[in-house]
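Oh and the first sequence: position 391 is 391 in the numbering used here, straight run, nothing missing.
Reading through the structure tokens given below for one structure.
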Amino acid sequence: MRLLSPQLGEGFLFNSNKYPEAPKKAAFASLNYPKEDMMAENEKYEESKLYRVRHSAAHVMAQAVLEKFPKGKVAIGPPIEDGFYYDFDLPRPLTPEDLEEIEARMREIIKNDSPFVREEVSADQAREIFADQPYKLELIDGLEKGGEDEHGNPTDEAQIITIYKDDQFVDLCRGPHVESTGKINPKAIKLMNVAGAYWRGDEKKPMLQRIYGTAWLTPQDLKQYLWRLEEAKKRDHRKLGRELDLFSISDEVGAGLILWHPKGAMVRHIAERFWEDEHLAHGYDFVYTPHIGKAQLWETSGHLGFYAENMYSPIEIDNQKYYLKPMNCPFHIEIYKSDIRSYRDLPLRYAEKGTVYRYERSGVMHGLMRVRGFTQDDAHHFCAPSQMPAEIDFVLSFSLHILRSFGFQEIKAYLSTRPEKSVGDPKQWEDAEEALEAALKRSGLPYDVDEGGGAFYGPKIDLKIKDALGREWQLSTIQFDFNEPERFDMTYIDEDGQPHRPYMIHRALMGSIERFFGILIEHYGGAFPVWLSPVQVKIIPIADRHNDFAFEVADELKKAGLRAEVDDRSDRMNAKIRDAEKAKVPYMLIVGDREMEEKQIDVRRRSRERLGAMDVAAFKALALEDVANKVEG
RNA sequence: GCCAACGUAGCUCAGCGGUAGAGCAGACGCUUCGUAAGCGCCAGGUCGAGGGUUCAAAUCCCUCCGUUGGCUCCA
1 MRLLSPQLGE GFLFNSNKYP EAPKKAAFAS LNYPKEDMMA ENEKYEESKL
51 YRVRHSAAHV MAQAVLEKFP KGKVAIGPPI EDGFYYDFDL PRPLTPEDLE
101 EIEARMREII KNDSPFVREE VSADQAREIF ADQPYKLELI DGLEKGGEDE
151 HGNPTDEAQI ITIYKDDQFV DLCRGPHVES TGKINPKAIK LMNVAGAYWR
201 GDEKKPMLQR IYGTAWLTPQ DLKQYLWRLE EAKKRDHRKL GRELDLFSIS
251 DEVGAGLILW HPKGAMVRHI AERFWEDEHL AHGYDFVYTP HIGKAQLWET
301 SGHLGFYAEN MYSPIEIDNQ KYYLKPMNCP FHIEIYKSDI RSYRDLPLRY
351 AEKGTVYRYE RSGVMHGLMR VRGFTQDDAH HFCAPSQMPA EIDFVLSFSL
401 HILRSFGFQE IKAYLSTRPE KSVGDPKQWE DAEEALEAAL KRSGLPYDVD
451 EGGGAFYGPK IDLKIKDALG REWQLSTIQF DFNEPERFDM TYIDEDGQPH
501 RPYMIHRALM GSIERFFGIL IEHYGGAFPV WLSPVQVKII PIADRHNDFA
551 FEVADELKKA GLRAEVDDRS DRMNAKIRDA EKAKVPYMLI VGDREMEEKQ
601 IDVRRRSRER LGAMDVAAFK ALALEDVANK VEG
């Protein structure tokens, strides 16, 4: 179905199923549009009018809330992506009705068109103004002390304390704001929901009530944003997972544990088969390792020291404690250590789709995206230091090849460097970081550097993709490890006949296969590319007398490796087409009297495009070409 | 784990103190049909679990489990 997004006008047609003839870029742009279109090119969000509008809307909302709850305490209220929020400490939980009331009051305040007035004050003046606002007082202390901004984050500069007044409200705030409340378009704001949030994000501190709102420059923009939310809801992998019968999660089995249904398992199987072929073609060896390992192993690896809170309780077997594995690396290392390694053996690349179990707190599970048991497409590279730059180059380009094959074209890299606390020789760190950055430069990928953002055991590159809705997801990670080779005393014998320490790289491309599947579902809205579709062809006989011929066609297609099914129910053709469309089967082949007569089939795509009658051989060639080229039809 | 909302048929939802309802899906029967829903009939629920209030609880209260939106954490 073609959806016309509201208020978009020419050039912003969005096709809900992302069919091949749909202009892909336009589809992306329409979903993606907000920041890009709302702001002048290269303008920073923080300096945009939109940012000021949202910040100002937060103040207006705070006033409305305080009017309703005069004893309420306010915390902070910044603009965020797509809107703003404000945290409150209130005598009772807010209800949806409260939000409506607050929103209505906001519109009145906006109508007053009262100016935002900035004032610089001393810390003591500020304390007087906010005498009954404990959270503000805490912020003022931080500002006065310096080294902390209004969010409590460290800063270099001493802070000037400023307040902003508008209408009946005054807030401790750095600004900036719009000139007056009237600059906020009352028809372009909406309060979205209430959620709990810890004061300063610290779970030991009080839980506040956070009201999320959205604000835009025009009502059209708001409408567009709400439409985008709707679209995301339609593509929600949990909803599609049920509708397309891909997977489920059973209370009986347990939260965060995924059951892959035949259709979902087929997609996974195809994806894994591709993954396997590519790995074998690129110098990897496959390994298989068990799900549990002795406590001593996890002591040696350090997991019981630094990862214990994510691990499940031990299982006791013959007076020995065993742990369910949260990672695969110790096993791969043991395989490495099972023999003496020569520099001639290196690099070694051990790959395994290893299923790991990690404890997740009960409130954080989310469909396939956040689970307690998942399979990593893991691999560990072991190489001599001299081989390291080439190895990085290889693994980065291999990662990109895999991601692009699944239809993710927009990829961004994040390089994380040495944190303050780290293990390993600084020279090694430098070499590794240099190699990572050089490889990034050669790849031509856009990348950001997160100084000090690496793990204590090594620097890393993370790859994030943008999906069809413009949302970023981290998939791949390529991590150096200076820790485990040391802990396990890994060595190889170099040309000099002496043992040397190898370099070790962990990498996962899809990351978690469960999560990757979830992202694929949402990216494609359930309409997988032909090569991944669990059912690629549905053959639809018009009447019972066409069934035999339909099965003949199916057999021929199956022999060619295509996944074809016949819908031989006694329903009308229209109903069969509808069901096949809903199942997002890429091709429907209609067979009736005419086709049987001519030994042909009538081809229809899920995009509703009709390719017309053709020979089975012609269709087979066409479909196989789509599979080979991984087209998204 | 924390805050809030929500758990009624396989799915989506109505009912919100007086003996459980719809649509879709399913079974069966009729229909054999040209590019997104043919018709009829049947079956299906200890209303998430446990406790309490009441003459009476899906409905009100408490506890637990789960889900959703956030917080924190993270693949």
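Beta carbons are placed, not taken as given, at the ideal position from N, Cα and C, and that holds for glycine.
- For Glu119, no alpha helix (DSSP H) run applies; the uninterrupted beta strand (DSSP E) run containing it begins and ends at 117 to 120, by DSSP.
- In the DSSP assignment, no residue is bridged to Arg358.
- Around the beta carbon of Lys427, a 10 Å sphere encloses fewer than 16 other beta carbons of the protein chains shown; the residue is thus reported as exposed.
- Taking a cut-off of 8 Å on C-beta distances, the region 126 to 137 does not touch the region 105 to 116, as fewer than three cross pairs fall below it.
- By the criterion of a C-beta distance shorter than 8 Å, Val121 is surrounded in its chain by Ile129, Ile161, Thr162, Ile163, once the five residues flanking it on both sides are discounted.
- Scanning its chain for C-beta atoms nearer than 6 Å, with the 5 sequence neighbours on each side dropped, one finds around Ile189 the residues Ala57, Ala215, in chain order.
- For the 8 Å CB-CB criterion, Thr300 and Arg608 do not form a contact.
- In the three-state reduction of the DSSP assignment, Ile270 falls in the helix class, which pools H, G and I.
- Exclusion of the five residues before and after Arg370 leaves Gly256, Glu360, Val364, Arg515 as the residues of its chain whose Cβ lies within less than 8 Å of its Cβ.
- For Ile333, no beta strand (DSSP E) segment is defined; the enclosing uninterrupted segment is the alpha helix (DSSP H) at 329 to 336.
- Counting every other CB atom within 10 Å of its CB across the protein chains shown gives Arg242 a total below 16, marking it as exposed.
- Pro91 is classed as exposed because its beta carbon has fewer than 16 other beta carbons within 10 Å across all chains shown.
- As computed with DSSP, Thr214 is found in a beta bridge with Lys190.
- Judged by DSSP in its simplified three-state form, Met311 adopts coil rather than helix or strand.
- Between the alpha carbons of Pro534 and Glu632 lies a gap of roughly 14 Å.
- As for any beta strand (DSSP E) of minimum length 3 sitting wholly inside the region 58 to 124, the runs are 83 to 89, 117 to 120, ordered along the chain.
- The continuous beta strand (DSSP E) containing Leu172 extends over residues 169 to 172.
- Boundaries for Tyr225: no beta strand (DSSP E) harbours it, while the alpha helix (DSSP H) harbouring it runs 219 to 234, taken from the DSSP string.
- Taking the Cα of Asp615 as reference, the smallest distance to any Cα among Leu557, Asp626, Ala583 is reached at Leu557.
- Of the candidates Asp593, Asp567, Arg545, Val537, Val537 places its Cα closest to the Cα of Lys620.
- Exclusion of the five residues before and after Asn193 leaves Tyr212 as the residues of its chain whose Cβ lies within less than 6 Å of its Cβ.
- Taking C-beta atoms as the reference points, Lys321 and Lys353 fail to come closer than 8 Å.
- In the structure shown, Tyr198 adopts extended strand secondary structure according to DSSP, grouped into three states.
- By the CB criterion at 8 Å, Asp462 and Tyr414 fall inside the cutoff.
- Taken atom to atom, the span from the alpha-carbon of Glu272 to that of Leu143 is near 53 Å.
- Fewer than three beta-carbon pairs drawn from the region 437 to 452 and the region 508 to 522 are found closer than 8 Å, and the two stretches are therefore not classed as touching.
- When the Cα atoms are used, Leu396 and Ala455 turn out to be separated by approximately 19 Å.
- Distance from the CA of Pro262 to the CA of Gln376, rounded to the nearest whole angstrom, comes to 20 Å.
- Taken in chain order, the complete alpha helix (DSSP H) segments of 4 or more residues contained in the region 473 to 535 are 484 to 487, 513 to 524.
- By the Cβ neighbour-count rule, Tyr288 is exposed, with fewer than 16 other Cβ atoms within 10 Å of its own.
- The region 503 to 515 makes no contact with the region 589 to 596, as fewer than three CB pairs between them are under 8 Å.
- Beyond the five residues adjoining it in sequence on each side, Pro79 comes within less than 6 Å, by CB distance, of Tyr51, Arg54, His55 in the same chain, given in chain order.
- Beta-bridge annotation (DSSP): Tyr288 is not paired with any residue.
- Of Pro347, Met61, Phe88, His291, the smallest CA-CA separation from Lys71 is found for Phe88.
- Rounded to the nearest whole angstrom, the C-alpha separation of Asp318 and Ala384 is 40 Å.
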